[in-house]
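See structure below.
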Amino acid sequence: AQSVTQLDSQVPVFEEAPVELRCNYSSSVSVYLFWYVQYPNQGLQLLLKYLSGSTLVKGINGFEAEFNKSQTSFHLRKPSVHISDTAEYFCAVRKGGGNKLTFGTGTQLKVEL
Amino acid sequence: EAGVAQSPRYKIIEKRQSVAFWCNPISGHATLYWYQQILGQGPKLLIQFQNNGVVDDSQLPKDRFSAERLKGVDSTLKIQPAKLEDSAVYLCASSTLRSREGVNEQFFGPGTRLTVL
């Protein structure tokens, strides 16, 4: 079975600073990887996904993530954050050929002035 | 295009009472999912429907939880009787049956926040 680890439960950062949210996964088979964002009192919205091909994936709102197979990581980055990026971010893994998403515990990103 | 609709948005009940949540997926989406998101945790899949059939309900506590999607469109999730540990946000998501990439994006509703006292 696959699992996802998000080591940082909270990440405070100042506006316009860069940020990295860490995600590590474990799986014995090929997987698809996702990052979702959840704004307060809203559902999850897909930020980006890795299916195959280029290991650097670009998503919405200026976010990008890099798939590293040897380190089983899929860290999310943004070079310059905005106040509106304050939200909870979830990393998720899906086994190739399946539909089931397994989510990490989430990272609360708090952008301060 | 209208998104996934859920109601109610908030519900407060006492333990041992029953409660029901409703979800209307995006039009044309054959697959519907119910997730439970406990505070401080990621969403956990409870049940997945494809049209009106159950694909995966391995993590649904069947002694108290039930779900149906009778006509293959909207769905209802019920808890009877509720326990304190059922306090969570219940998320509904939907996806198409197939996509060009072979990976169907799940679109999430706003969720129903349940508090059991």
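Top to bottom, those sequences are chains A and B. Going by our numbering, the first residue of the first sequence is number 1, and it counts up by one from there. Going by our numbering, the first residue of the second sequence is number 1001, and it counts up by one from there. All residues carry an ideal CB built from backbone N, CA and C; glycine is no exception.
- For the 8 Å CB-CB criterion, A/T105 and A/L21 do not form a contact.
- Interface flag for B/E1105 against chain A is set, since a Cβ pair is found closer than 8 Å.
- Assigned with DSSP and collapsed to three states, B/E1085 falls in helix.
- Contacts with chain B at 8 Å (Cβ-Cβ) do not include A/L113.
- Bounds of the beta strand (DSSP E) holding A/L21 are V19 to L21.
- With fewer than 16 neighbouring CB atoms inside 10 Å of its own CB, B/V1054 falls in the exposed class.
- For A/L7, no CB of chain B lies under 8 Å from its own CB, so it is not counted at the interface with that chain.
- Taking 8 Å as the threshold, the shortest C-beta distance from A/K100 to chain B falls below it.
- Taking 9 Å as the upper bound on Cβ-Cβ separation, chain A lies near residues T1031, Y1033 and Y1035 of the segment 1025 to 1036 of chain B.
- Unbroken beta strand (DSSP E) runs of no fewer than 3 residues, entirely contained in the segment 1023 to 1066 of chain B, are found at 1031 to 1037, 1044 to 1050 and 1053 to 1056, following chain order.
- The continuous beta strand (DSSP E) containing B/I1079 extends over residues S1075 to I1079.
- Looking only at A/L76, A/L113, A/R77 and A/N61, the smallest Cα-Cα distance to A/I83 is reached by A/L113.
- Comparing alpha-carbon positions, the option among A/S3, A/Q2, A/A17 and A/G43 lying closest to B/Q1006 turns out to be A/G43.
- Restricting attention to B/N1051, B/S1066, B/I1047 and B/L1070, the CA atom closest to the CA of B/Q1059 is found in B/I1047.
- Classified as buried, A/K78 has 16 or more neighbouring CB atoms from the shown chains inside 10 Å of its CB.
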